[in-house]
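Single-structure report; data block below.
Number of protein chains: 2
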Amino acid sequence: MHISAKCSVAVHCLIFIAEYGESNKVTSELLSRSTGINPVTIRNVLSALKKDGIISIKPGTGGAALACPLEGVSLYRICQAIEPAFLSKLFGVHPAPSHLCPIGQNIHQVLDVSYQKVTDEFSNSLRSITLADMIAEYHSAAWRQSV
Amino acid sequence: MHISAKCSVAVHCLIFIAEYGESNKVTSELLSRSTGINPVTIRNVLSALKKDGIISIKPGTGGAALACPLEGVSLYRICQAIEPAFLSKLFGVHPAPSHLCPIGQNIHQVLDVSYQKVTDEFSNSLRSITLADMIAEYHSAAWRQSV
DNA sequence: TCCCCCTGTAATATTTAAGCTTACACCTCT
DNA sequence: AGAGGTGTAAGCTTAAATATTACAGGGGGA
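Protein chains in written order, with the working numbering: chain A, 1 to 147; chain L, 1001 to 1147.
So, in structure tokens, the structure goes:
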């Protein structure tokens, strides 16, 4: 499995909004051009972020703004907002092992225990990275690029 | 994304081989019935495990056996054997951000830093779980089931 | 020795999920 | 009232995963 590219797009949009949201009206059309992703998908992403309270969108006239301190927005929260079931999709499991075989009867149980441990640690990793960190990294990347 | 169900199938097969491999000839056909996965996919999985030295397969006549102590086979090693690039597929990234936009120019760099940190920790989690652990869990699940 | 059972692997089809496109109702400010 | 946004549904396209079919080749028992 892999975690949908929409999460990367969401991060892109959030950095964009953080950088330009105050001075410009950030619309889905604009973000579409910056990300290379079509505007409907952008709207779906923004809509999910809005439902989670990460951003607000001005009704009618349009334009997105952060609704939350940067430190409060972790990668975990972003992934969760975009794709609520992302953790349970991390590991694929074969759906129909034989119920006649002792191993087939118990394999899901066995995998659940191991995968649960891994996904717990994974979600902690995601929680430890915030939008504030990523924006700091963006500034340092942009600076390195400029010299 | 998500990690292919073939890894779960590989674990299933390995437990099967560990439990029954000494007393029976474990063929792809048998594993196919136990897992509910078609025999060609099973053969591809076993073939990958063999290339990694986790199991051996008797040429000609068939039958798989472990070729490695249980503690030496981590989830990480299994995933790696089945799907060498699994870590780099963990997070999807939008492929064509605008090179005209400062954020588009740097977003891949920014995401790489964060995602690298998370995937490193993720792979450590996978390394910490071995086939020995999972077989122990299988025995306790099978025992709970039987009482 | 010959035949049967098994593996290895290629080619093709099927299925499923992700993302794209089009379309349109609705909101708000001018 | 109209211009410019958002919200969201329906159907299409594409890409990835898995299944199916097919067949060459190895080894051991009859």
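Cβ coordinates follow ideal geometry from the N, Cα and C atoms, glycine included. All figures in this text were calculated on a predicted structure; none of them were measured in a lab.
On the three-state DSSP scale, how would you describe residue i?
{"i": "F91/A", "result": "strand"}
{"i": "T27/A", "result": "coil"}
{"i": "M1001/L", "result": "At M1001/L, the pLDDT of 39 sits below 50, so the modelled position is not reliable and the matter cannot be decided from this model."}
{"i": "I1057/L", "result": "strand"}
{"i": "A67/A", "result": "coil"}
Should residue i and residue j be called a contact, given that it needs their Cβ atoms to be closer than 8 Å?
{"i": "V1165/L", "j": "I1078/L", "result": "For chain L, the structure presents residues 1001 to 1147; residue 1165/L sits outside this window and is missing."}
{"i": "A1081/L", "j": "A1048/L", "result": "yes"}
{"i": "G36/A", "j": "S1098/L", "result": "yes"}
{"i": "V1040/L", "j": "I129/A", "result": "no"}
{"i": "R75/A", "j": "S1114/L", "result": "As written in the sequence, residue 75/A is Leu, which differs from the Arg given in the question. Yes."}
{"i": "L1131/L", "j": "V1045/L", "result": "no"}
{"i": "G1053/L", "j": "A1067/L", "result": "yes"}
{"i": "A1142/L", "j": "P102/A", "result": "yes"}
{"i": "G104/A", "j": "S1034/L", "result": "yes"}
{"i": "L1121/L", "j": "E121/A", "result": "One point to set straight first is that residue 1121/L is Glu, not Leu, in the sequence displayed. Going by C-beta atoms, E1121/L is nearer than 8 Å to E121/A."}
To the nearest whole angstrom, what separates the beta carbons of residue i and residue j, a pair I think is in contact under 8 Å?
{"i": "S28/A", "j": "R43/A", "result": "5 Å"}
{"i": "S123/A", "j": "L87/A", "result": "6 Å"}
{"i": "S8/A", "j": "G1092/L", "result": "6 Å"}
{"i": "I977/L", "j": "Y1138/L", "result": "Missing from the structure shown is residue 977/L; chain L here goes from 1001 to 1147 and no further."}
What I want to know is whether the C-beta of residue i ends up closer than 7 Å to one or more non-hydrogen atoms of the ligand COA.
{"i": "G21/A", "result": "In terms of ligand content, the structure shown is empty, and the ligand COA therefore cannot be addressed."}
Hey, which unbroken runs of the beta strand (DSSP E) at 3 residues or more fall wholly within the stretch 1096 to 1147 of chain L? none
Given 8 Å, three or more beta-carbon pairs between the stretch 1091 to 1108 of chain L and the stretch 95 to 112 of chain A: no
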